[in-house]
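Colleague:
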Amino acid sequence: MKLLAATIAVAVPVLLSSCGTAEAPKPAAAAVQTPSVLVEDAWVRATVGTKDTTMTAAFMALTNPGNADIKLISATSPVAGMVQLHEMAMKDGKMVMQEKAGGVNVPATSHAHLSPGGDHIMLMGLKKPLKPGDEVPLTLKFSDNTTHDLTVPVKAFTEEEEHYHPTPSTK
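Each residue of the sequence shown is one higher than the one before, counting from 235 in the working numbering.
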């Protein structure tokens, strides 16, 4: 009998407290995880048959499905001694290729294209010439602390070679 009385003494206050009108706290909603930047259509320009086989460029489409801008801040590849983000810019009345300070912005819910004649990834100090059909490992690092490890196909480059291997001006 003492056991039954002790059980009721503990159970009644617990049961009564659950009958109150205050709502029980709701579990926190699961965090919606938006994927980082999506990388599509990546390719690297072949160097076989070019004047300078020590450098090339990588191109791709970057899509940001999130609600905050993300920047491509760097890239690395074991096939190159140095990898930089580059842009084409007007300088002294001429289009020149230069390192892109601050990285490549990929706007929220939008995209950025790395393309010949625009923003691109330069691979310099190549350890060997690259021919169509080769594959290049490339790691991209973004401002949201994500990285993408890619295996990028090498394709023939049919546009003007001068975009990436400017000839010295002769004045």
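Even glycine gets a Cβ: it sits at the ideal position worked out from N, Cα and C.
Quantities reported herein were computed from a predicted structural model and do not represent experimental measurements.
Given a cut-off of 7 Å on the beta-carbon distance, is the pair Leu364 and Val386 in contact?
Modeller: no
Colleague: Please name the residue, chosen from Met289, Val278, Lys389 and Leu272, that lies closest to Gly300 on a Cα-to-Cα basis.
Modeller: Leu272
Colleague: Near Ala264, which residues of its chain fall below 7 Å by C-beta distance, leaving aside the five closest residues on each side in sequence?
Modeller: In this prediction, Ala264 scores a pLDDT of 49, lower than 50, which makes its location untrustworthy; the coordinate-derived value is nonetheless stated afterwards. The answer is none, since no qualifying residue turns up.
Colleague: Who are Ala295's beta bridge partners in DSSP?
Modeller: Glu274 and His347
Colleague: Which residue from His345, Ser344 and Glu321 puts its Cα closest to that of Gly337?
Modeller: Glu321
Colleague: For Asn339, which three-state DSSP category applies?
Modeller: Strand, per DSSP.
Colleague: Throw me the rounded Cβ distance for the Ala291 and Leu357 pair, which I believe falls under 8 Å.
Modeller: 7 Å
Colleague: So what does DSSP say about Lys285, is it helix, strand or coil?
Modeller: coil
Colleague: I'd like the list of long-range same chain contacts for Ser308, defined as Cβ closer than 6 Å, with 5 residues on each side in sequence excluded.
Modeller: Lys375
Colleague: I'd like the span of the beta strand (DSSP E) that includes Thr310, first residue to last.
Modeller: Annotation for Thr310: the continuous beta strand (DSSP E) segment containing it runs Ile304 to Thr310.
Colleague: Give me, in chain order, the residues of the same chain whose beta-carbon lies closer than 7 Å to that of Met368; leave out the 5 immediate sequence neighbours on both sides.
Modeller: Sequence check: residue 368 is Asp here, not Met. Within the same chain, Asp368 has close Cβ partners Val388.
Colleague: If I'm right that His345 touches Thr287 with Cβ under 8 Å, what's the distance once you round it to whole angstroms?
Modeller: Between Thr287 and His345 the Cβ distance is about 31 Å, and since that is not below 8 Å, they are no contact.
Colleague: Are the Cβ atoms of Asp303 and Ala342 separated by less than 7 Å?
Modeller: yes
Colleague: Taking its Cβ as the centre, do 16 or more other Cβ atoms sit within 10 Å of Thr241, making it buried, or is it exposed?
Modeller: Here the model assigns Thr241 a pLDDT of 46, short of 50, so the residue's position is not dependable, and the following value carries that caveat. By the 16-neighbour rule on beta-carbons within 10 angstroms, Thr241 is exposed.
Colleague: What is the C-beta distance between Leu360 and Thr281, in whole angstroms, given that I count them as a contact (C-beta under 8 Å)?
Modeller: 7 Å
Colleague: Under three-state DSSP, which class holds Lys334?
Modeller: coil
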